[in-house]
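Asks: Protein chains in written order, with our numbering: chain B, 8 to 278; chain F, 608 to 1003.
Quick one: structure below, then a few questions.
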Amino acid sequence: MRPRLLPRPTNTPPTLAVWKFASCDGCQLSLLDCEDELIAMVEHLSIAYFPEASSAMIGGPYDLSLVEGSVSTPHHLERIYQIRANSNTLVTIGACATAGGIQALRNGHDIDEFMSIVYAHPEYVETLAAATPVSDYVDVDFELRGCPIDRGQLLEVIAAFLTNRPPRISSVSVCVECKSRGLPCVMVAGGTPCLGPVTHAGCGALCPAYGRGCYGCFGPSESPNTDSLNEQLADLGLDNRQLERLWRGFSGWSPEFRAAADNAHGKDNEP
Amino acid sequence: MPTERTPVIIDIKGLQVLVDVLIEQGNEVFGPQVIDDVIAIRPLTSVDQLPAGWTDDQGAGRYRLHNDHSHGRFGYAVGPQAWKPLLHEPTLHTLSMTQSHAADPVEVHVTATRKGRRAFLGVRPCELEAIVRLDTVLLRGPNVDRAYRSARSDLMLIVVNCTVPASTCFCTAMNTGPRVSENVTIHDLEITELVNEHDGGPRYVVTPASRQGAEILDVLGSRTSTVAMTNQDALDIEAGFRRAESSIERHVDTKELHDVMIASSENALWAELADRCLACGNCTAVCPTCFCTSVNEITDLSGTTTERWRHWDSCFSLEFSRVGNAPVRSSVASRYRHWLTHKLGTWHDQFDESGCVGCGRCITWCPVGIDLTAEIPALRTAALSGGDSRPASGDQ
């Protein structure tokens, strides 16, 4: 994270703002979920803007902005530029803000057709054709992955911001967390399709701990070889439709997972 | 070393007495058990917890257990993890530092290492060889690993020879099994399971391998009926090992393997492997000799306390190859090459032995089933011809 230099009063704790775009609020709740650390947090951070938690709202500029949600409407576009201009450090949190989220399933399709089916009066709806990550529009200092984010990782990002050091967020695969916990591999030992080998760590291997394959919530890991995993998943018996569905999850609009889904889709449409 | 290495034979009740004696002497006993469809190592108090009748079907990227209702308790090869996590923990808190105010001295609290006696029952010969290698790296080098030293002290190692290898095993090529080598001296007892499906339960041939092992065997003799080994038993044991050896399907030609690996740095095979490799790190996590770790220091919100954690790291992690401000092995091909070249080649230069014990875990637990025994012949052919003689892709 590289702190910017907007003027702020000295001798006061840095200010925190938490912003919501197209999202379910789950990542903001992860912040409120830091119950044991909230007292310490407000000693070192002044919560200036966090409508989910408090109706007291203080104007900017802000030292640290946490942004949840994808950019989905023209109004979102205006707001994200304002927030960027008003924030020293901007961190996006969660799959929606970092990869578009599940709502990015609409991307690349006929948005007018969707609206005509869903809404009685689509003419009242103002929306962009695509739901996209914040980094498509403004500079982002750090992207914290997950659906939802992991509260331990969120605390690490905030602690790193407060001590002006890079956050220690590993981008290795979920397999590393699985093996670290001593969990047996659901794919090798059970034949269960799993995106863990190409998915960014952070959840602590939550799904494999319950015998389920990884859904890829944290998006691609640092070196995701999705082609090779696609071949292995096909060997396990998944057809191209099933493969495409697997990739088009909460981080399905990330470039790597999107390409993997497109590959499966393309194969399905081959004559 | 004991002066006398006379084996005795006990039955399954005698094996329970052995477990009881170990526990009475203050050991926490660990042994193989069926947990979540795999053979896992867990604390053990009863021989009923051992995997009776279970056997494993292993292949590249595939592991299944099935019960063939045999009387044996050790009728399988190796599970997903060796004993490494008990000796070299995946995550370890090593110290914390506190400085309440800038003018105060920094208080350092070094985390205590684990204490207490343990006994590992069911260590396979290849796994014992892996512990020998970890000892070399973590105890015999210029920097002794204090956590490992604690974990290795007050530890009884009870080897159970391998009579049912898996299809992924290649211990015969690496000279690490299926029977424990006479050159290995770090264990206390050597056990061979004898299963005759016609005359009841399994029998265990127990041979002392250390003074402590001989003492345990003395106590065992006073607590349960032991019988001496007959000539027929000796023949049965030998026949069992010959069966095990002949059932091993995979092979690695180790002749000048070090030189082959060193000569292979520019081989096009690494790029082909990178097309398949997921860089997920499973192979290094399950490898019983991979020892690499990274250390992280995490500050709290106030910035007054720092916790230092150590965790397993891997050749396949991009971050692990970072030197200064950039990774020195940015491609997966270079990371794969680094891993295998160290394991089979430069490990010899560093530690005067091979880093591979032929347990086959990296083959079984690779999600896409990359098999090093299938790749080495191509490296050898190219190295011997003085260059990369692999056909261009598509020519096969």
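For glycine and all other residues, C-beta sits at the position ideal for the given N, C-alpha and C.
Nearest to SER261/B by alpha carbon, out of TYR131/B, ASN114/B, LEU38/B, GLY198/B?
Replies: Along the first sequence, read from residue 1 onward, the residue named residue 261/B stands at position 254. Selected option, being the one with the closest Cα: ASN114/B.
Asks: Just to check my reading of the structure: CYS41/B and LEU162/B have Cβ atoms closer than 8 angstroms, yes? What is that Cβ distance to the nearest angstrom?
Replies: Mapped onto the first sequence, residue 41/B falls at position 34. Mapped onto the first sequence, residue 162/B falls at position 155. The Cβ separation is near 6 angstroms, so the contact holds.
Asks: Listed in chain order, which residues of the stretch 181-199 of chain B have Cβ atoms closer than 7 angstroms to some Cβ of chain A?
Replies: No chain A appears in the structure shown, which is made up of the protein chains B and F.
Asks: Find the residues of chain F that neighbour SER261/B, judging by a C-beta separation of less than 7 angstroms, and give them in chain order.
Replies: Along the first sequence, one-based indexing puts residue 261/B at 254. In chain order: nothing, as chain F lies at least about 16 angstroms away.
Asks: Give the residues of chain F in contact with SER30/B, contact being defined as C-beta atoms less than 9 angstroms apart.
Replies: Here the question's residue 30/B lines up with position 23 in the first sequence. Correct list: empty, because the minimum Cβ distance to chain F is about 25 angstroms.
Asks: Tell me which same chain residues have a C-beta within less than 8 angstroms of the C-beta of PHE777/F, skipping the five on either side of it?
Replies: Along the second sequence, one-based indexing puts residue 777/F at 170. Answer for PHE777/F: ILE855, ARG857, HIS858, VAL859, GLY965, GLY967, THR980, listed in chain order.
Asks: Identify the continuous beta strand (DSSP E) that holds LYS27/B and give its terminal residues.
Replies: One-based indexing of the first sequence puts residue 27/B at position 20. It spans 22-27 - the beta strand (DSSP E) in which LYS27/B sits, taken as one unbroken run.
Asks: Would you kindly work out how many angstroms separate the C-alpha atoms of VAL626/F and LEU728/F, rounded to a whole number?
Replies: Translated into the one-based positions of the second sequence, residue 626/F becomes position 19. Translated into the one-based positions of the second sequence, residue 728/F becomes position 121. Their Cα atoms are separated by approximately 9 angstroms.
Asks: Since LEU741/F contacts PHE898/F with CB under 8 angstroms, what's their CB separation in whole angstroms?
Replies: Residue 741/F sits at position 134 when you count from the first residue of the second sequence. Residue 898/F sits at position 291 when you count from the first residue of the second sequence. Contact flag correct, Cβ pair sits at about 6 angstroms.
Asks: CB-CB under 6 angstroms to LEU5/B, same chain, minus the five flanking residues each way: which ones, in chain order?
Replies: What is shown of chain B runs 8 to 278, which leaves residue 5/B out entirely.
Asks: To the nearest angstrom, report how far apart LEU151/B and GLU229/B are at their CA atoms.
Replies: On the first sequence, position 144 is the one that residue 151/B refers to. On the first sequence, position 222 is the one that residue 229/B refers to. Near 14 angstroms, if we compare the C-alpha coordinates of GLU229/B and LEU151/B.
Asks: Please check if any C-beta of chain B sits within less than 9 angstroms of the C-beta of PRO998/F.
Replies: Taking the first residue of the second sequence as 1, we reach residue 998/F at position 391. Only weak support exists for where PRO998/F lies, its pLDDT of 45 falling under 50; the value from the coordinates is given anyway. So no, PRO998/F is outside the interface.
Asks: Which of helix, strand or coil does DSSP assign to GLN249/B?
Replies: Start at 1 with the first residue of the first sequence, and residue 249/B comes out as number 242. Three-state DSSP puts GLN249/B in a helix.
Asks: Within this structure, are the beta carbons of PRO81/B and THR134/B separated by less than 9 angstroms?
Replies: Taking the first residue of the first sequence as position 1, residue 81/B is located at position 74. Taking the first residue of the first sequence as position 1, residue 134/B is located at position 127. Contact flag set, yes.
Asks: Can you tell me whether DSSP reads GLY828/F as helix, strand or coil?
Replies: Indexing the second sequence from 1 puts residue 828/F at position 221. Residue state, collapsed to three classes: helix.
Asks: Report the CB separation of ALA216/B from LEU190/B in whole angstroms; it is logged as a contact under 8 angstroms.
Replies: On the first sequence, position 209 is the one that residue 216/B refers to. On the first sequence, position 183 is the one that residue 190/B refers to. Indeed, because the Cβ distance is near 6 angstroms, the residues count as touching under 8 angstroms.
Asks: Quick one: what's got a C-beta closer than 7 angstroms to SER928/F's C-beta in the same chain, skipping five residues either side?
Replies: As a working mapping, residue 928/F is identified with position 321 in the second sequence. PRO934, VAL935, ARG936, ARG942, listed in sequence order.
Asks: Using DSSP with H/G/I as helix, E/B as strand and the rest coil, what is GLU926/F?
Replies: Here residue 926/F refers to the residue found at position 319 of the second sequence. Correct three-state label for GLU926/F: helix.
Asks: Select from GLY66/B, GLY198/B, ASP146/B, ILE165/B the residue whose C-alpha is nearest the C-alpha of THR906/F.
Replies: For the purposes of this step, residue 906/F is taken as the residue at position 299 of the second sequence. Checking every option, the nearest Cα to that of THR906/F belongs to ILE165/B.
Asks: Please determine if the stretch 179-190 of chain B and the stretch 117-128 of chain B are in contact, where contact requires at least 3 C-beta pairs separated by less than 8 angstroms.
Replies: At 8 angstroms Cβ cutoff, the stretches do not touch.
Asks: Within 9 angstroms (strictly less), CB to CB, does VAL164/B reach chain F?
Replies: The residue labelled residue 164/B in the question sits at position 157 within the first sequence. False, the Cβ-Cβ gap to chain F never drops below 9 angstroms.
Asks: Using alpha carbons as the reference points, say which of ALA267/B, SER94/B, ARG188/B lies closest to THR698/F.
Replies: What you label residue 698/F is simply residue 91 of the second sequence in a count that begins at 1. Out of ALA267/B, SER94/B, ARG188/B, ARG188/B has the C-alpha closest to the C-alpha of THR698/F.
Asks: What did DSSP end up calling PHE637/F once you bin it into helix, strand or coil?
Replies: Against the second sequence, residue 637/F aligns to sequence position 30. Residue state, collapsed to three classes: strand.
Asks: Buried or exposed: HIS794/F, going by 16 or more other Cβ atoms within 10 Å of its Cβ?
Replies: For this step, residue 794/F is matched to residue 187 along the second sequence. By the neighbour-count rule (16 or more Cβ atoms within 10 Å), HIS794/F is buried.
Asks: ARG997/F by DSSP, collapsed to three states: which one?
Replies: Stepping through the second sequence from its first residue, residue 997/F is reached at position 390. Residue placement at ARG997/F cannot be trusted, given a pLDDT of 48 that sits under 50; the coordinates are not used to answer.
Asks: Chain F partners of GLN239/B, CB-CB under 8 angstroms?
Replies: Within the first sequence, numbered from 1, the residue matching residue 239/B stands at position 232. Ordered by position in chain F, the residues that pass the 8 angstroms Cβ test against GLN239/B are GLY668, PRO974, VAL975, GLY976.
Asks: Would you kindly report the start and end of the unbroken beta strand (DSSP E) that includes HIS700/F?
Replies: Stepping through the second sequence from its first residue, residue 700/F is reached at position 93. Run containing HIS700/F: 698-705, per the beta strand (DSSP E) assignment.
Asks: Strictly below 9 angstroms CB to CB, what residues from chain B border ALA892/F?
Replies: The residue you call residue 892/F lines up with position 285 of the second sequence. Those within 9 angstroms of ALA892/F in chain B are CYS182, VAL183, CYS185, LYS186, SER187.
Asks: Counting only beta-carbon separations shorter than 9 angstroms, does PRO697/F have a partner in chain B?
Replies: Within the second sequence, numbered from 1, the residue matching residue 697/F stands at position 90. It does; some Cβ of chain B falls within 9 angstroms.
Asks: Report back the beta-carbon spacing between LEU991/F and ASN874/F to the nearest angstrom; my notes put them in contact at under 8 angstroms.
Replies: In the second sequence, residue 991/F corresponds to position 384, counting from 1. In the second sequence, residue 874/F corresponds to position 267, counting from 1. Wrong, their Cβ atoms sit about 12 angstroms apart, outside the cutoff.
Asks: Any beta-carbon of chain B closer than 9 angstroms to the one on CYS884/F?
Replies: Counted from its first residue, the second sequence places residue 884/F at position 277. So yes, CYS884/F belongs to the interface.
Asks: In the DSSP assignment, find the unbroken alpha helix (DSSP H) run with SER204/B in it and report its ends.
Replies: Taking the first sequence and counting its residues from 1, the one referred to as residue 204/B is at position 197. Looking at the sequence itself, residue 204/B is Pro, so the reference to Ser does not match. It is not in any alpha helix (DSSP H) - PRO204/B carries neither H nor E in the DSSP assignment.
Asks: Alpha carbons only, please: which of ALA841/F, PRO687/F, GLY910/F is nearest the one belonging to PHE168/B?
Replies: For the purposes of this step, residue 168/B is identified with residue 161 of the first sequence, where counting begins at 1. It is GLY910/F whose Cα lies nearest to the Cα of PHE168/B.
Asks: Where does the unbroken beta strand (DSSP E) through THR134/B begin, and where does it stop?
Replies: Taking the first sequence and counting its residues from 1, the one referred to as residue 134/B is at position 127. That residue, THR134/B, is in no beta strand (DSSP E); it is neither H nor E in DSSP.
Asks: At 3 residues or longer, and completely inside the stretch 177-236 of chain B: list those beta strand (DSSP E) runs for me, N to C.
Replies: Here no run is fully enclosed.
Asks: Could I get the ranges of all uninterrupted beta strand (DSSP E) runs contained in the stretch 59-88 of chain B, with 3 residues as the minimum, in chain order?
Replies: Taking only runs of at least 3 residues, the beta strand (DSSP E) segments lying wholly in the stretch 59-88 of chain B are 69-75.
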